[in-house]
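Student: Residue numbers (my numbering): 20 to 445. Where a beta carbon is used, it is the ideal one built from N, C-alpha and C, also for glycine.
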């Protein structure tokens with residue numbers, strides 16, 4: 020089978036799909052990953068095919084619209100702000116996705132690239148929706164971009180959040196989707212009530228949820244078409260060699276505290292980083308500071324803090340005393356697998372959901388929202404994470420469960436099984 024995977028966004032939005040693509044390739048399929056040019060060298064290095072989807076997510080987050088998105092606290096406003104960030108590239112992204120898929124046999128879309136379903140319907144090929152976050156409506160917990168603590172309001176509220184957020188997203192993306200359907204696919208426009216996920220459910224699309232059942236068990240009200248596969252981890256190549264100066268730093272003292280905020284950028288990220296670094300100094304802990312996409316800089320770091328732009332989480336995190344991060348789905352998954360406590364300082368979207376979940380699972384001492392973030396509050400959380408034995412034991416126990424899972428293999432098995440079921444009988 021020739022399989023095309025569509026995904027856009029930051030490294031955390033792309034890397035799990037590279038892992039899935041490698042798994043499918045190892046199973047004998049020809050796999051093409053369609054995403055941004057920034058990731059082409061890495062994708063090709065794994066022997067995968069690459070197709071371009073226009074846009075630079077790093078520049079988008081650094082733009083005025085991107086910075087406004089990072090300031091958004093109201094979940095009702097989030098879909099509109101998110102649309103403002105990607106609207107400038109939507110037309111070309113849709114066209115690029117179509118061009119990438121024309122000759123493919125199967126389409127797998129990440130959660131943001133929902134238009135892959137329209138392309139698959141036009142081409143008459145099987146379609147899978149793959150996501151790092153739970154997207155389907157459930158009574159078990161609210162939509163991940165809404166305040167997670169309001170789950171206490173009960174099942175009716177939880178289900179209602181999915182209806183509201185889905186409708187808001189469709190309201191802001193329906194125009195560009197319909198233009199694409201009419202001009203490129205030669206298909207009729209969709210109505211306001213023709214929500215993408217609703218249409219997918221009616222078509223009995225298979226949903227691949229790439230998170231651990233030990234973290235989020237499959238809700239009892241999800242259908243048989245919803246699969247919780249386990250995480251899709253992309254480990255560094257066997258010949259990966261870490262920077263010698265980093266290895267020397269790690270070997271020179273006690274396990275350090277990691278501080279990094281991934282793709283978060285701008286003034287807000289800089290301020291959070293400065294507070295985090297001050298809290299680290301106050302606790303007298305050694306640290307690893309990852310500058311990330313934001314290019315966050317601090318020229319006055321003491322010798323007890325090592326600064327680096329990027330490094331594979333799967334190699335670094337198990338060597339840390341705790342992980343202070345923004346709560347991206349990929350970073351959270353890597354923290355859970357590493358077996359060390361995490362402290363999430365969320366910026367936007369689903370990040371508070373993962374922070375709330377870490378506390379609920381007992382593997383995090385706190386989630387600290389930015390309006391509550393101070394040097395003292397974070398210093399207390401770091402000290403607790405490093406010293407509290409029960410939190411560290413629970414983190415270790417969760418990691419042991421996750422390490423027994425193979426999310427990529429499970430996803431490949433589901434894809435192949437369902438594809439075989441679609442084949443006509445001889």
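Starting from residue 388, trace the alpha helix (DSSP H) in both directions and tell me its first and last residue.
Tutor: Residue 388 sits at position 369 when you count from the first residue of the chain shown. For residue 388, there is no enclosing alpha helix (DSSP H), as DSSP marks it with neither H nor E.
Student: Relative to the alpha-carbon of residue 384, which residue among 372, 399, 394, 393 has its alpha-carbon at the smallest distance?
Tutor: The residue you call residue 384 lines up with position 365 of the chain shown. Of the candidates 372, 399, 394, 393, the one whose C-alpha sits nearest the C-alpha of residue 384 is 399.
Student: Starting from the C-beta of residue 206, find all residues in its chain whose C-beta is less than 6 angstroms away, skip the five residues before and the five after it, and write them out in chain order.
Tutor: Mapped onto the chain shown, residue 206 falls at position 187. Same-chain partners within the cutoff: 200.
Student: Specify whether the stretch 208-219 and the stretch 178-194 touch according to this definition: at least 3 beta carbon pairs, one from each stretch, less than 8 angstroms apart.
Tutor: yes
Student: State the Cα-Cα distance for the pair residue 444 and residue 389, rounded to the nearest angstrom.
Tutor: On the chain shown, position 425 is the one that residue 444 refers to. On the chain shown, position 370 is the one that residue 389 refers to. Residue placement at residue 444 cannot be trusted, given a pLDDT of 43 that sits under 50; what the coordinates show is reported in the next sentence. Distance between residue 444 and residue 389, taken at the CA atoms: about 57 angstroms.
Student: What separation, rounded to the nearest whole angstrom, lies between the Cα atoms of residue 193 and residue 291?
Tutor: For the purposes of this step, residue 193 is identified with residue 174 of the chain shown, where counting begins at 1. For the purposes of this step, residue 291 is identified with residue 272 of the chain shown, where counting begins at 1. So the two alpha carbons sit approximately 35 angstroms from each other.
Student: Going by DSSP, what residue range makes up the alpha helix (DSSP H) through residue 227?
Tutor: Position 208 of the chain shown, counted from the start, is the residue given in the question as residue 227. Residue 227 -> not in any alpha helix (DSSP H); beta strand (DSSP E) instead, spanning 225-228.
Student: In three-state terms, what does DSSP make of residue 444?
Tutor: Position 425 of the chain shown holds residue 444. Confidence is the limiting factor: at residue 444 the pLDDT is only 43, short of 50, which leaves the residue's position unreliable, though a coordinate-based value still follows. Note: residue 444 maps to coil in three-state DSSP.
Student: Could you tell me the alpha carbon to alpha carbon distance between residue 260 and residue 173, rounded to whole angstroms?
Tutor: Here residue 260 refers to the residue found at position 241 when the chain shown is read from its first residue. Here residue 173 refers to the residue found at position 154 when the chain shown is read from its first residue. If you take the alpha carbons of residue 260 and residue 173, they lie about 49 angstroms apart.
Student: Leaving out the 5 sequence neighbours to the left and right, which residues in its chain are closer than 6 angstroms to residue 308 when beta-carbon positions are compared?
Tutor: The residue you call residue 308 lines up with position 289 of the chain shown. Around residue 308: 278, 324, 326.
Student: Rank 229, 310, 56 by C-alpha distance to the C-alpha of residue 129 and give the top, closest one.
Tutor: For the purposes of this step, residue 129 is taken as residue 110 along the chain shown, with counting starting at 1. Of the listed residues, the one whose Cα sits closest to residue 129 is 229.
Student: Helix, strand or coil for residue 259 per DSSP?
Tutor: What you label residue 259 is simply residue 240 of the chain shown in a count that begins at 1. In the structure shown, residue 259 sits in coil (DSSP, three-state: anything other than H, G, I, E or B).
Student: Based on DSSP bridge pairs, tell me the residues matched to residue 341.
Tutor: As a first step, residue 341 is located in the chain shown; it is residue number 322 there, counting from the start. In DSSP, residue 341 forms a bridge with 276.
Student: Would you report the Cα separation of residue 41 and residue 219, rounded to the nearest angstrom?
Tutor: By 1-based counting over the chain shown, the position of residue 41 is 22. By 1-based counting over the chain shown, the position of residue 219 is 200. Approximately 26 angstroms between the Cα atoms of the pair.
Student: Applying the criterion that 16 or more other CB atoms from any shown protein chain within 10 Å of the CB defines a buried residue, is residue 182 buried or exposed?
Tutor: Taking the first residue of the chain shown as position 1, residue 182 is located at position 163. Exposed, since its Cβ has fewer than 16 Cβ neighbours within 10 Å.
Student: For residue 129, which of helix, strand or coil comes out of DSSP?
Tutor: Here residue 129 corresponds to residue number 110 of the chain shown, with the count starting at 1. Note: residue 129 maps to strand in three-state DSSP.
Student: Quick check: residue 32 and residue 163, are their CB atoms within less than 8 angstroms of each other?
Tutor: Locating residue 32 in the chain shown gives position 13, counting from the first residue. Locating residue 163 in the chain shown gives position 144, counting from the first residue. No, Cβ-Cβ distance for residue 32 and residue 163 is not below 8 angstroms.
Student: Given a threshold of 16 other Cβ atoms within 10 Å of its Cβ, counted over all protein chains shown, does residue 28 qualify as buried or as exposed?
Tutor: As a working mapping, residue 28 is identified with position 9 in the chain shown. Residue environment analysis places residue 28 among the buried positions, since at least 16 neighbouring C-beta atoms fall within 10 angstroms of its C-beta.
Student: Check the C-beta distance from residue 246 over to residue 221 and give it rounded, since I have them as a contact under 8 angstroms.
Tutor: Taking the chain shown and counting its residues from 1, one reaches residue 246 at position 227. Taking the chain shown and counting its residues from 1, one reaches residue 221 at position 202. Between residue 221 and residue 246 the Cβ distance is about 18 angstroms, and since that is not below 8 angstroms, they are no contact.
Student: Run through the DSSP bridge pairs and tell me what residue 68 is partnered with.
Tutor: Position 49 of the chain shown, counted from the first residue, corresponds to residue 68. In DSSP, residue 68 forms a bridge with 51.
Student: Starting from the C-beta of residue 328, find all residues in its chain whose C-beta is less than 6 angstroms away, skip the five residues before and the five after it, and write them out in chain order.
Tutor: Counting from 1 along the chain shown, the entry for residue 328 is found at position 309. Correct list, in chain order: 310.
Student: In chain order, what residues of the same chain lie with their CB nearer than 6 angstroms to the CB of residue 361, ignoring the 5 residues before and after it?
Tutor: Within the chain shown, the letter at position 342 stands for residue 361. Taken in chain order, the residues that qualify are 342, 354, 377, 383.
Student: For residue 307, which three-state DSSP category applies?
Tutor: One-based indexing of the chain shown puts residue 307 at position 288. In the structure shown, residue 307 sits in a strand (DSSP, three-state: E or B).
Student: Relative to the C-alpha of residue 144, which residue among 210, 347, 23 is closest?
Tutor: Mapped onto the chain shown, residue 144 falls at position 125. Here the closest residue by C-alpha is 23.
Student: For residue 353, which three-state DSSP category applies?
Tutor: For the purposes of this step, residue 353 is taken as residue 334 along the chain shown, with counting starting at 1. Here residue 353 sits in helix by DSSP.
Student: Which value, in whole angstroms, describes the spacing of the CA atoms of residue 122 and residue 178?
Tutor: As a first step, residue 122 must be located in the chain shown, where it is residue number 103. As a first step, residue 178 must be located in the chain shown, where it is residue number 159. Their backbone Cα atoms lie some 38 angstroms apart in a straight line.
Student: Just confirm the distance between the C-beta atoms of residue 339 and residue 275, as a whole number of angstroms; I'd bet it's less than 8 angstroms.
Tutor: For this step, residue 339 is matched to residue 320 along the chain shown. For this step, residue 275 is matched to residue 256 along the chain shown. Yes, residue 339 and residue 275 are in contact; Cβ-Cβ is about 6 angstroms, under 8 angstroms.
Student: Since residue 39 and residue 288 are thought to touch, with beta carbons under 8 angstroms apart, how far apart are those beta carbons, to the nearest angstrom?
Tutor: Looking up residue 39 in the chain shown gives position 20. Looking up residue 288 in the chain shown gives position 269. That belief does not hold up - the Cβ atoms of residue 39 and residue 288 are roughly 29 angstroms apart, past 8 angstroms.
Student: Could you check which residue in 394, 125, 149 has the C-alpha nearest to that of residue 14?
Tutor: Because the chain here runs from 20 to 445, residue 14 falls outside it and cannot be looked at.
Student: Could you give the distance in angstroms between the alpha-carbon of residue 204 and the alpha-carbon of residue 141?
Tutor: The count along the chain shown starts at 1 and reaches residue 204 at position 185. The count along the chain shown starts at 1 and reaches residue 141 at position 122. Using only the alpha carbons, I get a separation of about 7 angstroms.
Student: According to DSSP, simplified to helix, strand and coil, what is residue 192?
Tutor: As a working note, residue 192 is residue 173 in the chain shown. In this structure, residue 192 counts as helix in the three-state DSSP scheme.
Student: Tell me whether residue 415 sits in a helix, a strand or coil according to DSSP, three-state version.
Tutor: Taking the chain shown and counting its residues from 1, the one referred to as residue 415 is at position 396. Residue state, collapsed to three classes: helix.
Student: Quick one, which of 319, 304, 331 has its alpha-carbon nearest residue 257's?
Tutor: What you label residue 257 is simply residue 238 of the chain shown in a count that begins at 1. Checking every option, the nearest Cα to that of residue 257 belongs to 331.
Student: In three-state DSSP terms, what is residue 268?
Tutor: On the chain shown, position 249 is the one that residue 268 refers to. Three-state DSSP puts residue 268 in a helix.
Student: Would the beta-carbon of residue 241 fall within 8 angstroms of that of residue 157?
Tutor: Position 222 of the chain shown, counted from the start, is the residue given in the question as residue 241. Position 138 of the chain shown, counted from the start, is the residue given in the question as residue 157. Yes, they are a contact pair.
Student: Hey, could you find the ends of the alpha helix (DSSP H) residue 375 is sitting in?
Tutor: Here residue 375 corresponds to residue number 356 of the chain shown, with the count starting at 1. 370-379 is the span of the alpha helix (DSSP H), which, as asked, contains residue 375.
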